[in-house]
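> Mind having a look at this structure? Questions to follow.
Residue numbers (mature numbering (1 follows the signal peptide of the UniProt record, and there is no 0)): -21 to -1, 1 to 130.
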(Lines of atoms letter the chains of each structure in order from A and count residues from 1; the text may use other names and numbers.)
(Lines give C-alpha, C1' and ligand atoms only; values in the text may rest on other atoms or scores of the structure.)
Protein backbone atom coordinates (compact mmCIF):
# COMPACT_ATOMS: atom_id res chain seq x y z
CA UNK A 1 0.00 0.00 0.00
CA UNK A 2 2.82 2.39 0.89
CA UNK A 3 4.50 1.63 -2.44
CA UNK A 4 1.25 2.44 -4.31
CA UNK A 5 0.82 5.76 -2.50
CA UNK A 6 4.45 6.69 -3.16
CA UNK A 7 4.03 5.82 -6.84
CA UNK A 8 0.89 7.96 -7.10
CA UNK A 9 2.67 10.94 -5.50
CA UNK A 10 5.65 10.51 -7.82
CA UNK A 11 3.40 10.33 -10.88
CA UNK A 12 1.48 13.43 -9.80
CA UNK A 13 4.76 15.29 -9.18
CA UNK A 14 6.04 14.51 -12.67
CA UNK A 15 2.71 15.36 -14.30
CA UNK A 16 2.64 18.74 -12.53
CA UNK A 17 6.27 19.43 -13.47
CA UNK A 18 5.54 18.47 -17.07
CA UNK A 19 2.60 20.86 -17.22
CA UNK A 20 4.84 23.72 -16.08
CA UNK A 21 7.51 22.86 -18.65
CA UNK A 22 5.05 22.92 -21.56
CA UNK A 23 4.22 26.61 -21.37
CA UNK A 24 5.85 28.92 -23.88
CA UNK A 25 8.08 31.55 -22.28
CA UNK A 26 9.27 34.86 -23.62
CA UNK A 27 10.18 38.46 -22.91
CA UNK A 28 7.78 41.08 -21.61
CA UNK A 29 8.40 44.69 -20.66
CA UNK A 30 6.39 47.20 -18.66
CA UNK A 31 6.86 50.85 -19.62
CA UNK A 32 6.01 53.16 -16.71
CA UNK A 33 7.00 56.31 -18.57
CA UNK A 34 9.99 56.76 -16.25
CA UNK A 35 11.54 53.34 -16.81
CA UNK A 36 11.09 50.01 -18.54
CA UNK A 37 10.99 46.85 -16.41
CA UNK A 38 11.86 43.57 -18.13
CA UNK A 39 10.42 40.19 -17.26
CA UNK A 40 10.41 36.64 -18.59
CA UNK A 41 6.90 35.29 -18.56
CA UNK A 42 5.08 32.07 -19.27
CA UNK A 43 2.20 32.39 -21.71
CA UNK A 44 -1.09 30.72 -20.78
CA UNK A 45 -3.43 30.85 -23.76
CA UNK A 46 -5.54 27.71 -23.81
CA UNK A 47 -8.38 27.00 -21.37
CA UNK A 48 -6.49 24.42 -19.29
CA UNK A 49 -3.37 26.59 -19.00
CA UNK A 50 -5.53 29.52 -17.96
CA UNK A 51 -7.44 27.39 -15.44
CA UNK A 52 -4.26 26.05 -13.76
CA UNK A 53 -2.19 29.24 -13.96
CA UNK A 54 0.31 29.50 -11.10
CA UNK A 55 -1.43 27.00 -8.82
CA UNK A 56 0.73 24.85 -6.53
CA UNK A 57 3.97 26.75 -7.19
CA UNK A 58 5.96 27.44 -4.04
CA UNK A 59 7.94 30.34 -5.55
CA UNK A 60 8.54 32.45 -8.62
CA UNK A 61 11.68 34.33 -9.67
CA UNK A 62 11.53 38.12 -9.05
CA UNK A 63 11.42 39.03 -12.76
CA UNK A 64 9.13 36.20 -13.79
CA UNK A 65 5.39 36.07 -14.28
CA UNK A 66 2.55 34.55 -16.24
CA UNK A 67 0.60 36.26 -19.00
CA UNK A 68 -2.92 34.97 -19.59
CA UNK A 69 -4.00 35.73 -23.18
CA UNK A 70 -7.79 35.61 -23.17
CA UNK A 71 -8.07 36.12 -26.93
CA UNK A 72 -10.94 38.47 -27.57
CA UNK A 73 -11.58 40.95 -24.74
CA UNK A 74 -13.99 39.61 -22.13
CA UNK A 75 -14.83 40.12 -18.50
CA UNK A 76 -12.46 38.01 -16.49
CA UNK A 77 -12.26 37.08 -12.84
CA UNK A 78 -9.47 35.16 -11.19
CA UNK A 79 -9.10 33.54 -7.80
CA UNK A 80 -6.21 32.25 -5.73
CA UNK A 81 -7.41 28.69 -5.09
CA UNK A 82 -4.39 26.38 -4.70
CA UNK A 83 -2.03 29.32 -5.25
CA UNK A 84 0.76 29.28 -2.68
CA UNK A 85 2.31 32.72 -3.20
CA UNK A 86 0.81 36.24 -3.13
CA UNK A 87 0.35 37.71 -6.59
CA UNK A 88 -0.24 41.07 -8.25
CA UNK A 89 -2.79 40.79 -11.07
CA UNK A 90 -2.53 43.39 -13.83
CA UNK A 91 -5.60 43.59 -16.08
CA UNK A 92 -4.75 44.67 -19.64
CA UNK A 93 -6.62 46.04 -22.66
CA UNK A 94 -5.95 45.14 -26.31
CA UNK A 95 -3.03 47.59 -26.53
CA UNK A 96 -1.37 46.28 -23.36
CA UNK A 97 -2.43 49.27 -21.27
CA UNK A 98 -2.93 48.42 -17.61
CA UNK A 99 -6.60 49.00 -16.74
CA UNK A 100 -6.46 47.86 -13.11
CA UNK A 101 -4.13 46.17 -10.63
CA UNK A 102 -5.15 43.80 -7.83
CA UNK A 103 -2.14 43.96 -5.51
CA UNK A 104 -1.01 41.18 -3.16
CA UNK A 105 -3.86 38.75 -3.80
CA UNK A 106 -4.05 36.39 -0.83
CA UNK A 107 -2.85 32.81 -1.39
CA UNK A 108 -5.66 30.26 -1.22
CA UNK A 109 -8.45 32.86 -1.34
CA UNK A 110 -11.64 31.95 -3.18
CA UNK A 111 -12.61 35.62 -3.61
CA UNK A 112 -13.25 36.58 -7.26
CA UNK A 113 -10.82 39.23 -8.47
CA UNK A 114 -11.47 41.25 -11.62
CA UNK A 115 -11.75 44.79 -12.93
CA UNK A 116 -15.43 44.60 -13.91
CA UNK A 117 -14.69 45.49 -17.55
CA UNK A 118 -13.57 43.38 -20.54
CA UNK A 119 -9.82 42.71 -20.79
CA UNK A 120 -7.57 41.10 -23.40
CA UNK A 121 -5.07 39.68 -20.92
CA UNK A 122 -4.03 39.37 -17.29
CA UNK A 123 -0.42 39.49 -16.11
CA UNK A 124 0.46 37.88 -12.78
CA UNK A 125 3.62 38.97 -10.99
CA UNK A 126 4.94 38.27 -7.50
CA UNK A 127 2.88 40.02 -4.85
CA UNK A 128 4.21 43.50 -4.12
CA UNK A 129 6.36 43.62 -7.26
CA UNK A 130 4.20 46.14 -9.13
CA UNK A 131 4.21 48.56 -6.20
CA UNK A 132 7.96 48.15 -5.66
CA UNK A 133 8.59 49.03 -9.33
CA UNK A 134 6.10 51.91 -9.41
CA UNK A 135 3.79 50.17 -11.90
CA UNK A 136 0.38 51.83 -12.08
CA UNK A 137 -2.81 51.75 -14.18
CA UNK A 138 -2.14 53.55 -17.46
CA UNK A 139 1.35 52.03 -17.82
CA UNK A 140 1.88 49.80 -20.87
CA UNK A 141 2.80 46.13 -21.03
CA UNK A 142 4.83 45.26 -24.13
CA UNK A 143 4.54 41.70 -25.43
CA UNK A 144 4.00 39.89 -28.73
CA UNK A 145 0.36 39.26 -27.69
CA UNK A 146 -0.24 43.01 -28.09
CA UNK A 147 2.03 43.42 -31.13
CA UNK A 148 4.01 46.15 -29.34
CA UNK A 149 7.17 44.38 -28.15
CA UNK A 150 10.27 46.22 -29.34
CA UNK A 151 12.77 43.80 -30.86
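Beta carbons are placed, not taken as given, at the ideal position from N, Cα and C, and that holds for glycine.
#1: Do you know offhand how far residue 75's Cα is from residue 119's?
#2: Using the Cβ count rule (16 or more neighbours within 10 Å means buried), how would you classify residue 69?
#3: Does the region 119 to 129 come within contact of the region 88 to 98, defined as at least 3 CB pairs closer than 8 angstroms?
#4: Does DSSP classify residue 29 as helix, strand or coil?
#5: CA-CA distance, residue 62 and residue 125?
#6: Taking residue 105 and residue 41 to be in contact with their CB atoms under 8 angstroms, please state how far apart those CB atoms are, rounded to whole angstroms.
#7: In angstroms with no decimal places, state the Cα-to-Cα distance between residue 55 and residue 18.
#8: Counting C-beta neighbours from all protein chains within 10 Å, is the total for residue 111 16 or more, i.e. buried, or is it exposed?
#9: Taking just the CA atoms, how far does residue 48 sit from residue 71?
#10: Assign residue 90 to one of three DSSP states: helix, strand, or coil.
With the structure as the only source:
#1: If you draw a straight line from the Cα of residue 75 to the Cα of residue 119, it is about 5 angstroms long.
#2: By the beta-carbon neighbour count (other beta carbons within 10 angstroms, threshold 16), residue 69 is buried.
#3: A contact is defined here as three or more CB-CB pairs under 8 angstroms, and the region 119 to 129 fails this definition with respect to the region 88 to 98.
#4: If DSSP states are grouped into helix, strand and coil, residue 29 belongs with the helices.
#5: For the pair residue 62 and residue 125, the Cα-to-Cα distance works out to about 27 angstroms.
#6: The Cβ separation is near 6 angstroms, so the contact holds.
#7: Their Cα atoms are separated by approximately 23 angstroms.
#8: With fewer than 16 Cβ atoms within 10 Å of its Cβ, residue 111 is classed as exposed.
#9: In this structure, the CA atom of residue 71 is about 10 angstroms from the CA atom of residue 48.
#10: Coil, per DSSP.
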